[in-house]
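What follows is a set of notes on a single structure, which appears directly below.
Number of protein chains: 2
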Amino acid sequence: MSLERVPFELSKEYLDLVLRAVEQRDAGFIRDTMEGVNPADISALLDEVETDEARYVLDVLNNEVGAEVIEELEEDTRKEFLEELEPQEIAQYIVEMESDDAVDIINDLPVKTREEVIAAIDDPESAAHIQELMRYDEDCAGGLMAKEMIVANINWTVIQTIDEIRRQVENVEKIYSVYVVDDKNKLQGKVSVKKIILSRDNTRILDIYDSDIIHVETYMDEEEVADIMRKYDLDAVPVVNLQGKLVGRITIDDIVDVITEQAEEERALMSGISGDVEEDDSIWAISKARLPWLLIGLVGGTLGAWAIGFFEGSLERNAALAFFIPLVMATGGNVGIQSSTLVVQSLANRSAFEDSISKRIGRMFLVAIFTGVVLAIISFLIVFLWKDDQTLGTVVAVSLVCVVMLASFMGTATPLALDKLGINPALASGPFITTTNDILGIIVYLAIANLLLP
Amino acid sequence: MSLERVPFELSKEYLDLVLRAVEQRDAGFIRDTMEGVNPADISALLDEVETDEARYVLDVLNNEVGAEVIEELEEDTRKEFLEELEPQEIAQYIVEMESDDAVDIINDLPVKTREEVIAAIDDPESAAHIQELMRYDEDCAGGLMAKEMIVANINWTVIQTIDEIRRQVENVEKIYSVYVVDDKNKLQGKVSVKKIILSRDNTRILDIYDSDIIHVETYMDEEEVADIMRKYDLDAVPVVNLQGKLVGRITIDDIVDVITEQAEEERALMSGISGDVEEDDSIWAISKARLPWLLIGLVGGTLGAWAIGFFEGSLERNAALAFFIPLVMATGGNVGIQSSTLVVQSLANRSAFEDSISKRIGRMFLVAIFTGVVLAIISFLIVFLWKDDQTLGTVVAVSLVCVVMLASFMGTATPLALDKLGINPALASGPFITTTNDILGIIVYLAIANLLLP
Numbered sequence: 001m002s003l004e005r006v007p008f009e010l011s012k013e014y015l016d017l018v019l020r021a022v023e024q025r026d027a028g029f030i031r032d033t034m035e036g037v038n039p040a041d042i043s044a045l046l047d048e049v050e051t052d053e054a055r056y057v058l059d060v061l062n063n064e065v066g067a068e069v070i071e072e073l074e075e076d077t078r079k080e081f082l083e084e085l086e087p088q089e090i091a092q093y094i095v096e097m098e099s100d101d102a103v104d105i106i107n108d109l110p111v112k113t114r115e116e117v118i119a120a121i122d123d124p125e126s127a128a129h130i131q132e133l134m135r136y137d138e139d140c141a142g143g144l145m146a147k148e149m150i151v152a153n154i155n156w157t158v159i160q161t162i163d164e165i166r167r168q169v170e171n172v173e174k175i176y177s178v179y180v181v182d183d184k185n186k187l188q189g190k191v192s193v194k195k196i197i198l199s200r201d202n203t204r205i206l207d208i209y210d211s212d213i214i215h216v217e218t219y220m221d222e223e224e225v226a227d228i229m230r231k232y233d234l235d236a237v238p239v240v241n242l243q244g245k246l247v248g249r250i251t252i253d254d255i256v257d258v259i260t261e262q263a264e265e266e267r268a269l270m271s272g273i274s275g276d277v278e279e280d281d282s283i284w285a286i287s288k289a290r291l292p293w294l295l296i297g298l299v300g301g302t303l304g305a306w307a308i309g310f311f312e313g314s315l316e317r318n319a320a321l322a323f324f325i326p327l328v329m330a331t332g333g334n335v336g337i338q339s340s341t342l343v344v345q346s347l348a349n350r351s352a353f354e355d356s357i358s359k360r361i362g363r364m365f366l367v368a369i370f371t372g373v374v375l376a377i378i379s380f381l382i383v384f385l386w387k388d389d390q391t392l393g394t395v396v397a398v399s400l401v402c403v404v405m406l407a408s409f410m411g412t413a414t415p416l417a418l419d420k421l422g423i424n425p426a427l428a429s430g431p432f433i434t435t436t437n438d439i440l441g442i443i444v445y446l447a448i449a450n451l452l453l454p
Numbered sequence: 001m002s003l004e005r006v007p008f009e010l011s012k013e014y015l016d017l018v019l020r021a022v023e024q025r026d027a028g029f030i031r032d033t034m035e036g037v038n039p040a041d042i043s044a045l046l047d048e049v050e051t052d053e054a055r056y057v058l059d060v061l062n063n064e065v066g067a068e069v070i071e072e073l074e075e076d077t078r079k080e081f082l083e084e085l086e087p088q089e090i091a092q093y094i095v096e097m098e099s100d101d102a103v104d105i106i107n108d109l110p111v112k113t114r115e116e117v118i119a120a121i122d123d124p125e126s127a128a129h130i131q132e133l134m135r136y137d138e139d140c141a142g143g144l145m146a147k148e149m150i151v152a153n154i155n156w157t158v159i160q161t162i163d164e165i166r167r168q169v170e171n172v173e174k175i176y177s178v179y180v181v182d183d184k185n186k187l188q189g190k191v192s193v194k195k196i197i198l199s200r201d202n203t204r205i206l207d208i209y210d211s212d213i214i215h216v217e218t219y220m221d222e223e224e225v226a227d228i229m230r231k232y233d234l235d236a237v238p239v240v241n242l243q244g245k246l247v248g249r250i251t252i253d254d255i256v257d258v259i260t261e262q263a264e265e266e267r268a269l270m271s272g273i274s275g276d277v278e279e280d281d282s283i284w285a286i287s288k289a290r291l292p293w294l295l296i297g298l299v300g301g302t303l304g305a306w307a308i309g310f311f312e313g314s315l316e317r318n319a320a321l322a323f324f325i326p327l328v329m330a331t332g333g334n335v336g337i338q339s340s341t342l343v344v345q346s347l348a349n350r351s352a353f354e355d356s357i358s359k360r361i362g363r364m365f366l367v368a369i370f371t372g373v374v375l376a377i378i379s380f381l382i383v384f385l386w387k388d389d390q391t392l393g394t395v396v397a398v399s400l401v402c403v404v405m406l407a408s409f410m411g412t413a414t415p416l417a418l419d420k421l422g423i424n425p426a427l428a429s430g431p432f433i434t435t436t437n438d439i440l441g442i443i444v445y446l447a448i449a450n451l452l453l454p
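Protein sequence lines, in the order shown, are assigned to chains A and B.
Under my numbering, the first residue of the first sequence is numbered 1, with each subsequent residue one higher.
Under my numbering, the first residue of the second sequence is numbered 1, with each subsequent residue one higher.
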């Protein structure tokens with residue numbers, strides 16, 4: 001028995017103590033200080049150490065805790081760590097995980113290792129579950145679901161159901177609801193654990209179950225599943241196959257991850273960062289993620305330069321014309337991003353009663369006219385008061401109205417089109433739309449100048 | 001008994017049928033077709049109808065379903081709807097809600113109505129709970145928590161705890177865990193419902209409870225609570241006050257809302273939309289949300305024009321200089337957004353082992369030099385091959401290196417500074433950073449041209 005538990009705090013000091021203990025092979029210190037600590041905290045600690053140090057710590061802990069720690073490691077750390085392990089060792093951790101987490105981890109392994117790991121799993125039911133789940137695409141309901149759940153036959157009694165819970169107690173970490181099926185394993189409904197506690201032992205499930213149950217199908221897209229769980233405030237949702245048979249369940253923690261990943265993906269698209277990169281990655285990784293859109297921006301800038309070159313004559317006649325290129329360009333860029341963001345947002349909160357595309361374009365058009373005219377009046381006043389040049393003021397003002405309308409149209413139509421093509425519409429809120437609008441803005445501005453200026 | 005339930009589908013056709021039923025005051029149709037339908041679907045339907053039509057539908061349904069429907073309505077629709085109701089009517093719905101949802105809705109009412117509604121609540125316990133929760137700021141743990149939960153004294157037996165569950169069954173929709181407290185109501189731990197079912201009636205809670213429990217404090221910021229629940233995969237977390245006494249619990253559905261709102265807020269900041277506006281809002285509301293940043297952009301553009309005007313002489317000597325203003329500007333904008341997004345992302349995923357600010361700035365610096373040089377070489381080649389002008393090529397190339405470094409610095413330092421000031425750092429990923437970088441880019445480019453060109 002431990003006399004007094006060392007209070008745990010995730011700190012640089014504790015990290016140093018752990019590293020020293022690893023060096024001195026002091027398993028006792030690690031075991032004592034990490035007892036009862038949440039695995040997610042141990043993972044955060046191991047994210048900071050070398051692979052062989054992490055391995056020593058995990059060897060000291062039991063496999064059950066170790067499995068949870070591995071699940072919570074950062075993807076890069078985990079990959080490096082698992083590369084060091086033998087398939088048999090990985091299999092020992094895998095059997096301790098819920099099937100959906102196990103599959104996520106196996107899918108990240110090299111193909112050859114995957115098979116070796118599955119072959120090394122000594123629990124045939126686990127292995128069968130994992131092989132079943134591996135058939136599904138990672139981004140659909142089948143790829144999110146776990147096999148662990150409590151299922152009761154509609155003809156059972158409460159006491160039979162409690163026996164089933166007892167039998168499954170090791171496997172199912174959180175019960176949420178007990179799912180009710182018929183003899184053919186078709187989903188009929190659910191019954192809450194609360195109701196089971198409060199019913200007499202010989203009550204039949206048939207008499208207490210709730211037949212109004214929301215389910216999803218294996219092939220459903222993960223974002224659709226997230227929308228459904230969010231809309232109906234579900235903690236867990238049963239998954240059925242095409243025959244209506246219950247094949248698994250998805251829990252809210254997986255959906256929280258889906259929502260978080262969605263937000264991160266969108267953020268990356270909006271800012272022109274390609275790939276999954278973080279601020280503390282290597283300089284080469286960050287540069288590689290940033291260069292593609294910067295190069296596209298460079299090409300866009302060159303096209304812009306070419307467009308300006310086309311109007312060189314006008315610029316030589318009136319150098320002040322060049323002054324307002326940035327103003328027109330920036331306004332086009334801002335309007336484009338705003339428009340596309342509003343569309344992306346409404347695509348993210350889809351309802352059954354969507355406005356038609358023509359209604360959307362119509363409303364966009366009215367907003368564009370209104371904001372365009374406001375901006376035009378103000379810019380006319382700025383140019384007129386500063387340069388005392390009514391014609392130049394008119395050129396800037398008219399250009400702004402046109403550019404705002406064009407940018408609004410591009411910003412509204414592009415995400416709608418991308419969405420129809422099955423591409424993430426957030427792509428249209430990033431450098432893509434800015435670059436396009438920059439070039440269009442320059443052309444519109446200089447063309448109008450060419451028409452109106454002497 | 002209903003013979004055959006009309007299958008429910010959220011469609012325009014069904015909406016029309018409901019509207020006709022409302023017109024003909026056909027309560028039977030509404031009651032029959034909506035029986036067993038999830039309240040969230042009824043809300044989606046009522047979001048599309050007029051207030052008096054929604055009111056008729058809700059009058060037909062019972063208050064329990066009505067309360068859930070009202071909770072799930074869109075904010076605007078709900079506000080309009082509640083304005084039509086008498087305080088007594090609102091109170092009848094409020095008593096059916098969990099205390100946290102009740103408080104959210106009461107807080108949206110005019111101050112005078114709030115008091116009348118609370119006075120009209122006929123259940124003194126409900127009213128006391130609501131008044132207690134109203135004391136907390138909406139954005140902290142106290143403002144998210146509900147009073148509904150199952151609490152067991154550590155000295156109770158399992159059967160006493162089941163009695164308590166039975167007593168509370170009406171109030172607590174989802175149990176998750178039973179929280180264990182001592183005689184002074186101090187939080188001691190938790191025990192799962194699963195464990196309660198599987199233990200003998202006379203087992204003491206003391207012998208089966210789990211003392212490793214993660215809790216939050218009432219004053220904790222909602223985003224911190226979201227981080228904790230996400231990190232530890234919690235479905236519910238108990239909230240304690242400064243004395244360590246258990247005062248409420250926060251459930252995962254509220255956290256899903258917090259995460260979604262965070263993403264929406266960030267999206268709005270990144271795209272320069274102020275306020276909470278949606279694509280299907282009125283033209284005036286959308287314009288009002290969009291104009292502020294467009295006007296700031298206009299001011300930025302005017303400053304840019306002024307900066308260019310400052311170098312009018314250089315531009316008159318070499319008109320081709322103007323060609324590359326957009327290229328330099330756009331690159332600065334893109335780099336700034338990328339840098340700030342990486343920082344915002346790492347601020348969103350804070351860990352206990354943060355890199356120091358100097359290390360961050362250092363890494364940013366190296367990435368900027370590397371990407372800047374790549375862009376500089378390519379742009380030099382473009383300018384040289386197109387314009388056959390080595391000096392202009394050098395000006396563009398040197399400017400790009402400087403602008404990339406400057407924009408990286410601004411993009412990294414601004415969100416860090418905003419974060420220190422307690423402002424949402426995502427503000428630095430939007431038009432704010434673009435506008436600043438536009439102006440800086442123009443000045444750097446033209447100043448370098450002035451130095452290097454004859």
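Where a beta carbon is used, it is the ideal one built from N, C-alpha and C, also for glycine.
Heavy atom of the ligand GDP within 7 Å of residue i beta-carbon
i, result
"residue 271(A)", "The ligand GDP is not part of the structure shown, which contains no ligands of any sort."
Enclosing beta strand (DSSP E) for residue i [first to last residue]
i, result
"residue 192(B)", "187-192"
"residue 251(A)", "246-251"
"residue 14(A)", "Counting along the chain, residue 14(A) falls outside any beta strand (DSSP E), though it belongs to the alpha helix (DSSP H) covering 12-23."
"residue 238(B)", "236-240"
Bounding residues of the alpha helix (DSSP H) (the contiguous stretch that carries residue i)
i, result
"residue 450(B)", "431-452"
"residue 63(B)", "63-72"
"residue 202(B)", "Run containing residue 202(B): none; DSSP gives neither H nor E here."
"residue 177(B)", "First-last for residue 177(B): 177-181, but that is the beta strand (DSSP E), not the alpha helix (DSSP H)."
"residue 383(B)", "357-387"
Closer than 9 Å at the beta carbon, the chain B residues around residue i
i, result
"residue 274(A)", "Here the premise fails: no neighbours, minimum Cβ distance about 10 Å."
"residue 250(A)", "Here the premise fails: no neighbours, minimum Cβ distance about 14 Å."
C-beta atoms of residue i and residue j nearer than 8 Å
i, j, result
"residue 259(A)", "residue 228(B)", "no"
"residue 71(B)", "residue 97(B)", "yes"
"residue 219(B)", "residue 141(B)", "yes"
"residue 395(B)", "residue 453(B)", "yes"
"residue 181(B)", "residue 191(B)", "no"
"residue 250(A)", "residue 216(A)", "yes"
"residue 174(A)", "residue 248(A)", "no"
"residue 10(B)", "residue 45(B)", "yes"
"residue 152(A)", "residue 205(A)", "yes"
"residue 458(B)", "residue 400(B)", "Residue 458(B) cannot be examined here, being either before or after the span of chain B that is shown, 1 to 454."
Within chain A, partners of residue i - CB distance below 7 Å
i, result
"residue 156(B)", "Near residue 156(B) there are no residues of chain A at all, since even the closest Cβ is about 15 Å away, more than 7 Å."
Chain-ordered neighbours of residue i on chain A, where CB pairs are closer than 8 Å
i, result
"residue 283(B)", "363, 366, 367, 370"
Cross-chain neighbours of residue i in chain B, by beta carbon under 8 Å
i, result
"residue 351(A)", "44, 47"
"residue 193(A)", "175, 193, 194, 197"
Contact list for residue i against chain B, beta-carbon separation under 7 Å
i, result
"residue 30(A)", "Ordered by position in chain B, no residue passes the 7 Å Cβ test against residue 30(A), which lies about 18 Å from the chain."
With a threshold of 8 Å, are at least 3 pairs of Cβ atoms found where one atom belongs to the stretch 128-148 of chain A and the other to the stretch 182-199 of chain A? No: the two stretches stay apart, fewer than three of their Cβ pairs being nearer than 8 Å.
Pairing CB atoms from the stretch 429-441 of chain B with CB atoms from the stretch 339-358 of chain A, are three or more of them under 8 Å? Because the criterion of three Cβ pairs below 8 Å is not met, the stretch 429-441 of chain B and the stretch 339-358 of chain A do not touch.
Does the pairing of the stretch 269-277 of chain B with the stretch 302-310 of chain A give three or more beta-carbon distances under 8 Å? Segments in contact, no.
Please determine if the stretch 282-294 of chain B and the stretch 415-429 of chain B are in contact, where contact requires at least 3 C-beta pairs separated by less than 8 Å. No, they do not touch.
Along the stretch 233-247 of chain B, where does the CB come closer than 7 Å to a CB of chain A? Name the residues. Answer in chain order: 233, 235.
If the cut-off is 7 Å on Cβ atoms, which residues from the stretch 296-307 of chain B count as contacting chain A, listed in chain order? Taking 7 Å as the Cβ-Cβ cut-off against chain A, the residues of the stretch 296-307 of chain B that qualify are 297, 298, 300, 301, 302, 304, 305.
Output, in sequence order along the chain, the residues in the stretch 318-336 of chain B whose CB is closer than 9 Å to any CB in chain A. Answer set for the stretch 318-336 of chain B: 319, 320, 321, 322, 323, 324, 325, 326, 327, 328, 329, 330, 331, 333, 334, 335.
Contact set between the stretch 387-399 of chain B and chain A, restricted to residues whose Cβ is under 7 Å from the partner: Legend: CB atoms of the stretch 387-399 of chain B lying less than 7 Å from CB atoms of chain A are not found in any residue.
The stretch 318-334 of chain A contacting the stretch 407-416 of chain B, beta-carbon criterion three pairs below 8 Å: In short, these stretches do not touch, since the Cβ pair count stays below three.
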